[in-house]
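Residue numbers -8 to 489, in the numbering used here, belong to the letters of the sequence shown in order.
Here a beta-carbon is modelled for each residue, glycine too, at the ideal position from N, C-alpha and C.
Notes for the one structure printed next.
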Amino acid sequence: MMAHVTQEQGPTGFNECNNGDSGPVALSCPDEWVPKIDMEFETEKDAYDFYNRYAFEMGFSIRRSSRHLLRKGGEVKDRTFCCSREGIRGKDKRKENVQNPRYETRCNCNAKLKISLRNGKYYVFQFIPEHNHELATRTQVHRLRSHRHITPALTLTNAGISSKPTFDLMSVDVDGHENLGFILDFGNDLRAEQSLPGRAAEDGGILDYLEKLQTEDPKFFYSVHVDKLHATNIFWADSRMIADYENFGDVVCLDTTYKRLNDDGLFGLLIGVNNHKQVIVFGASFIHDETPETFKWLFSMFLKAMSGKKPKTVLTDEGIAISKAIKLCMPDSDHRLSIWQISQNIYRQLGELVGDHKSFAIDFSSCVYDHDEETTFIESWRAILLKYKLVGNAYLHRLFEKKEQWALVYGRDVLYAGICSAQKSDSLNKELKNFLDTNSDITIFFKQLERLVQGRRYEELKADFFSKPKHAKVEGQFGNFETCCKNLYTSYIQIVPG
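Printed below as a string of structure tokens:
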């Protein structure tokens, strides 16, 4: 056990006068919030919270400093909490010619609290209350880093609301921005707090979160590929996704039109359509790169989650890497390029060249969906090139060379299950991009995706309710047959052209 160090002085510190005087005055703190030698805490976090409350009363910010771990089990043996102005920042040659250097906040302050583990609990064995700098006033202290109370803001951010609306909304409840426990750049603090669970595999945050979901849902499947102690690839599917795939998994689309904004990772959804022609989610993934090996890993994990059942048709974005992976993992499945993703790529590649996007979208949709003969499809394609002055465009030329892989006129014998038209009218893509635009940490995005999927399942539940048999008996030559069909199929499937 580490030796006790005697506390030499009471809790005093220098703080600016609230009445406007320039001289420092000694402040005191309620005795119940003053750390004392041999004070007992159940956990390390309890000790941190207590010292942080004391720091708030006194007007300074704290941070976690050095620690030692037990060899057995890795539990924290002792920990030092120090004033945020402890130490001196080291020199950085990269900052020698910086035009607007950051303010120096470190001044080698020695104020600290040390705790050590004894018989399963933590005890204070050193407390130094003196600071060598002025402390914050009551109106300033809530702006210090360890006192920025961002939990309500984090809740709103989890719901996909960005920083500025969150800041304005919460300021209404407290009668002004100045009364908030944080400032407008709290997004930096949110990202720091959010990133702790998912920063790296060695921190265990991603695994902890996924294990929590599996505890709540025993059939929840997940796989994390770790490279150099960092989680590089992640795939997960809950029990409802697995059940949906069992019922509606003949056609699967890997939608990778979403790019994470805060790194080079790629988010992908494996989706299909249900019996109401609604887009449903079979699984989700974050992958680090777009190599054949990575896509092979992704499809292997997907099939493992789905007990080896392979789809009849797989739709994906363009890419040699994806094609190679599908040939290895699902050689008997029809692989087609997703028309939805192709249309999104066209808008990204051509931008202003297509002029009126709405008009171009209508013409492109007609070209893809409305032709049963190859000759009329080609004529329609050429008409688009002429109308929008795209003759000779290199991207469209390469796309046309692959037309057998995506144009419906070349795939009339391929099972699509209506997924192309379902994606066209579905808002899933837009909703997810709104979430990704928040630059949120991966664990926050998980929660947002969970919420989105639950909302869609509610819509499916409503569709099930409205599709329950409540039809009058149909009279006529085929009356009994039609009545039987109405009782068997959903209302969407019943809508058949006359």
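Subject >> Neighbourhood of Arg442 by C-beta, 6 angstroms cutoff - its chain only, sequence neighbours within 5 removed >> reply: Within the sequence shown, the letter at position 451 stands for residue 442. If we look at Arg442 and ignore the five residues flanking it on each side, it has no Cβ neighbours.
Original post:
If you compare alpha carbons, which of Gln131, Ile313, Arg70 is closest to Gln117?
Top reply: The residue labelled residue 117 in the question sits at position 126 within the sequence shown. For the residues Gln131, Ile313, Arg70, the minimum Cα distance to Gln117 belongs to Arg70.
Subject >> Simplified DSSP assignment, three categories, for Lys68 >> reply: Against the sequence shown, residue 68 aligns to sequence position 77. Strand, per DSSP.
Subject >> Under 8 angstroms between C-beta atoms of Asp40 and Tyr114 >> reply: Taking the first residue of the sequence shown as position 1, residue 40 is located at position 49. Taking the first residue of the sequence shown as position 1, residue 114 is located at position 123. For Asp40 and Tyr114, no; Cβs fall outside 8 angstroms.
**OP:** Leaving out five residues on either side along the sequence, give the residues of the same chain with a beta carbon under 7 angstroms from the beta carbon of Phe490.
**Re:** The structure shown does not extend to residue 490, since the chain is modelled only from -8 to 489, so the question has no answer here.
Original post:
Applying the criterion that 16 or more other CB atoms from any shown protein chain within 10 Å of the CB defines a buried residue, is Thr21 buried or exposed?
Top reply: Along the sequence shown, read from residue 1 onward, the residue named residue 21 stands at position 30. Checking the displayed sequence, the identity of residue 21 turns out to be Pro instead of Thr. Classification for Pro21: exposed.
Original post:
Hey, how far is the Cα of Val405 from the Cα of Thr304?
Top reply: Your numbering for residue 405 matches position 414 in the sequence shown. Your numbering for residue 304 matches position 313 in the sequence shown. Approximately 7 angstroms, taken between the alpha carbons.
Original post:
With respect to the beta strand (DSSP E) encompassing Lys378, which residues constitute its N-terminal and C-terminal limits?
Top reply: As a position in the sequence shown, residue 378 is number 387, starting the count at 1. From DSSP, Lys378 is part of no beta strand (DSSP E) but of the alpha helix (DSSP H) over 365 to 378.
**OP:** Please look up how many angstroms separate the CB atoms of Phe277 and Gly299, rounded, as I've assumed it's under 8 angstroms.
**Re:** Taking the first residue of the sequence shown as position 1, residue 277 is located at position 286. Taking the first residue of the sequence shown as position 1, residue 299 is located at position 308. Incorrect: roughly 23 angstroms between the Cβ atoms, too far for contact.
Subject >> Element boundaries [beta strand (DSSP E), containing Lys210] >> reply: As a position in the sequence shown, residue 210 is number 219, starting the count at 1. That residue, Lys210, is in no beta strand (DSSP E); it is neither H nor E in DSSP.
Subject >> 7 angstroms Cβ shell around Val359 - same chain, five flanking residues per side excluded >> reply: For the purposes of this step, residue 359 is taken as the residue at position 368 of the sequence shown. Only Ile330, Ala398, Leu399 meet the Cβ criterion.
Original post:
Between which two residues does the alpha helix (DSSP H) containing Lys300 stretch?
Top reply: The residue given as residue 300 occupies position 309 in the sequence shown. Here Lys300 belongs to no alpha helix (DSSP H), and DSSP marks it neither H nor E.
Subject >> Residue from Ile317, Gln335, Asn336 with nearest C-alpha to Arg327 >> reply: For the purposes of this step, residue 327 is taken as residue 336 along the sequence shown, with counting starting at 1. Ranking Ile317, Gln335, Asn336 by Cα distance to Arg327 puts Ile317 first.
**OP:** Using the Cα positions of Val217 and Ser107, report the straight-line distance between them to the nearest angstrom.
**Re:** Taking the sequence shown and counting its residues from 1, the one referred to as residue 217 is at position 226. Taking the sequence shown and counting its residues from 1, the one referred to as residue 107 is at position 116. About 33 angstroms.
**OP:** Over the uninterrupted beta strand (DSSP E) stretch that includes Glu55, give me the two end residues.
**Re:** Taking the first residue of the sequence shown as 1, we reach residue 55 at position 64. Just to set this straight, residue 55 is Arg in the shown sequence, not Glu. Counting along the chain, the beta strand (DSSP E) containing Arg55 begins and ends at 53 to 60.
Original post:
Apart from the five residues on each side of it in sequence, which residues of its chain come closer than 7 angstroms, Cβ to Cβ, to His362?
Top reply: Start at 1 with the first residue of the sequence shown, and residue 362 comes out as number 371. If we look at His362 and ignore the five residues flanking it on each side, its Cβ neighbours are Phe368, Ser371, Val400.
Original post:
Sorted by chain position, which residues of the same chain lie with C-beta nearer than 7 angstroms to Gln332's C-beta, five sequence neighbours on each side aside?
Top reply: Within the sequence shown, residue 332 is the residue found at index 341, counting from 1. Asp246, Thr248, Asp308.
Subject >> Among Phe32, Ala374, Lys103, Arg134, nearest to Asn110 - alpha-carbon criterion >> reply: Within the sequence shown, numbered from 1, the residue matching residue 110 stands at position 119. Residue Phe32 is the option with its Cα nearest to Asn110.
Subject >> Three-state secondary structure (DSSP) of Cys74 >> reply: Within the sequence shown, numbered from 1, the residue matching residue 74 stands at position 83. Note: Cys74 maps to strand in three-state DSSP.
**OP:** Quick one: give me the first and last residue of the beta strand (DSSP E) that Tyr113 is part of.
**Re:** Start at 1 with the first residue of the sequence shown, and residue 113 comes out as number 122. Start and end: 112 to 119.
**OP:** Would you tell me roughly how many angstroms separate the C-alpha atoms of Ile410 and Glu207, rounded to the nearest one?
**Re:** Translated into positions along the sequence shown, residue 410 becomes position 419. Translated into positions along the sequence shown, residue 207 becomes position 216. About 31 angstroms.
Original post:
When burial is assigned at 16 or more other CB atoms within 10 Å of the CB, is Lys105 buried or exposed?
Top reply: Working through the sequence shown from its first residue, we reach residue 105 at position 114. Lys105 comes out buried.
Original post:
Leaving out five residues before and five after Trp24 in sequence, what residues of the same chain have Cβ atoms less than 7 angstroms from its Cβ?
Top reply: Within the sequence shown, numbered from 1, the residue matching residue 24 stands at position 33. Excluding sequence neighbours, Trp24 sits near Arg44, Tyr45, Glu48.
Subject >> Cut-off 8 angstroms between Cβ atoms - residues of its own chain near Ser357, not counting five sequence neighbours on either side >> reply: Here residue 357 corresponds to residue number 366 of the sequence shown, with the count starting at 1. The residues are Ser371.
Original post:
Terminal residues of the continuous beta strand (DSSP E) containing Ser107?
Top reply: As a working mapping, residue 107 is identified with position 116 in the sequence shown. It spans 103 to 109 - the beta strand (DSSP E) in which Ser107 sits, taken as one unbroken run.
Subject >> Chain-order list of residues whose beta-carbon lies under 8 angstroms from that of Ala312 (same chain, five-residue window excluded) >> reply: Residue 312 sits at position 321 when you count from the first residue of the sequence shown. Correct list, in chain order: Glu281, Thr282, Pro283, Thr285, Phe286.
Subject >> Where Pro143 sits in the DSSP three-state scheme >> reply: For this step, residue 143 is matched to residue 152 along the sequence shown. Confidence in Pro143 is poor, its pLDDT being 48 and thus under 50, which makes the residue's placement unreliable; the coordinate value appears in the next sentence. Helix, per DSSP.
Original post:
DSSP three-state call for Thr285: helix, strand or coil?
Top reply: Mapped onto the sequence shown, residue 285 falls at position 294. Residue state, collapsed to three classes: helix.
Original post:
In whole angstroms, what separates the C-alpha of Ile337 from that of Leu387?
Top reply: Walking along the sequence shown from the start, residue 337 turns up at place 346. Walking along the sequence shown from the start, residue 387 turns up at place 396. The alpha-carbon atoms of Ile337 and Leu387 are separated by roughly 8 angstroms.
Original post:
Roughly how many angstroms separate the alpha carbons of Gln205 and Phe437, rounded to a whole number?
Top reply: Position 214 of the sequence shown, counting from 1, holds the residue named residue 205. Position 446 of the sequence shown, counting from 1, holds the residue named residue 437. Near 13 angstroms, if we compare the C-alpha coordinates of Phe437 and Gln205.
Original post:
With DSSP run on the structure shown, which of helix, strand or coil describes Cys244?
Top reply: Taking the first residue of the sequence shown as 1, we reach residue 244 at position 253. Reduced to three states, the DSSP call for Cys244 is strand.
Original post:
Of the choices Arg54, Leu376, Ser324, whose alpha-carbon is the least far from that of Val345?
Top reply: The residue labelled residue 345 in the question sits at position 354 within the sequence shown. Minimum Cα distance to Val345 is reached at Leu376.
**OP:** Would you decide whether Ser350 is buried or exposed? Buried here means 16 or more other CB atoms lie within 10 Å of its CB.
**Re:** Here residue 350 corresponds to residue number 359 of the sequence shown, with the count starting at 1. The residue in question, Ser350, is exposed, as its Cβ has fewer than 16 Cβ neighbours within 10 Å.
**OP:** State the Cα-Cα distance for the pair Gly64 and Arg58, rounded to the nearest angstrom.
**Re:** For the purposes of this step, residue 64 is taken as the residue at position 73 of the sequence shown. For the purposes of this step, residue 58 is taken as the residue at position 67 of the sequence shown. When rounded, the distance between both Cα atoms is 15 angstroms.
Original post:
In its own chain, which residues sit with a C-beta less than 7 angstroms from the C-beta of His288, not counting the 5 before and 5 after it?
Top reply: Numbered from 1 along the sequence shown, position 297 holds the residue referred to as residue 288. Looking at the sequence shown, residue 288 is not His but Trp. Counting only Cβ-Cβ distances below 7 angstroms, and skipping sequence neighbours, we find His216, Asn224.
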